[in-house]
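Remarks on the structure that follows.
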Amino acid sequence: MSAFVTLQDVVKEYKMGEVTITAAGGVNFEIEKGEFCVIVGPSGAGKTTVLNILGGMDSCTRGKVIVDGKDISALSPKELISYRRFDIGFVSSFTIWCRT
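FYI, numbering that gives the first Met the number 0 numbers position 1 of the sequence shown as 0, with every residue one higher than the one before it.
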């Protein structure tokens, strides 16, 4: 049985001129259905970036984000709107829920 949420080698980079800033570098984790998960780390570690990617508000530069069997990292902008509208929501800037 596969996890409900899977992040595989997720990388988010921002390019500013000739400088590349890595906001999340090779993030991997799984969350099982019904599991409570806490994402912790020092300031600047990429926690908010990862949550924004998982919430469909940002996209990863590389890697896969799979939620309930759907690879949301491969969704079009229009499909991401539907995902945000019907499948996931933010209770606060650091708490998210997934429809089961």
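Don't be surprised by glycine CBs; every beta carbon is placed ideally from N, CA and C.
Excluding the five sequence neighbours on either side, which residues of its own chain have a C-beta within less than 6 Å of the C-beta of residue i, listed in chain order?
{"i": "L79", "result": "G55"}
Does the beta-carbon of residue i have 16 or more other beta-carbons within 10 angstroms, so that it is buried, or is it exposed?
{"i": "S42", "result": "exposed"}
{"i": "A23", "result": "buried"}
{"i": "I18", "result": "First, the amino acid is wrong: residue 18 is Val here, not Ile. Exposed."}
Excluding five sequence neighbours on each side, which residues of the same chain lie with their C-beta closer than 8 Å to the C-beta of residue i?
{"i": "N51", "result": "D57"}
{"i": "N27", "result": "L6, Q7, D8 and V9"}
I'd like the list of long-range same chain contacts for residue i, defined as Cβ closer than 7 Å, with 5 residues on each side in sequence excluded.
{"i": "S72", "result": "S58, C59, G62, K63 and V64"}
Between residue i and residue j, which are expected to be in contact by the criterion C-beta below 8 Å, what is the C-beta distance as a whole number of angstroms?
{"i": "K46", "j": "G40", "result": "5 Å"}
{"i": "I30", "j": "V4", "result": "4 Å"}
{"i": "T21", "j": "E34", "result": "In fact, because the Cβ distance is near 28 Å, the residues do not count as touching under 8 Å."}
Following the continuous beta strand (DSSP E) through residue i, name the residue where it begins and the one where it ends.
{"i": "I38", "result": "That residue, I38, is in no beta strand (DSSP E); it is neither H nor E in DSSP."}
Self-check item: Complete runs of the alpha helix (DSSP H) confined to the stretch 47-88 [at least 4 residues]
Solution: 76-85
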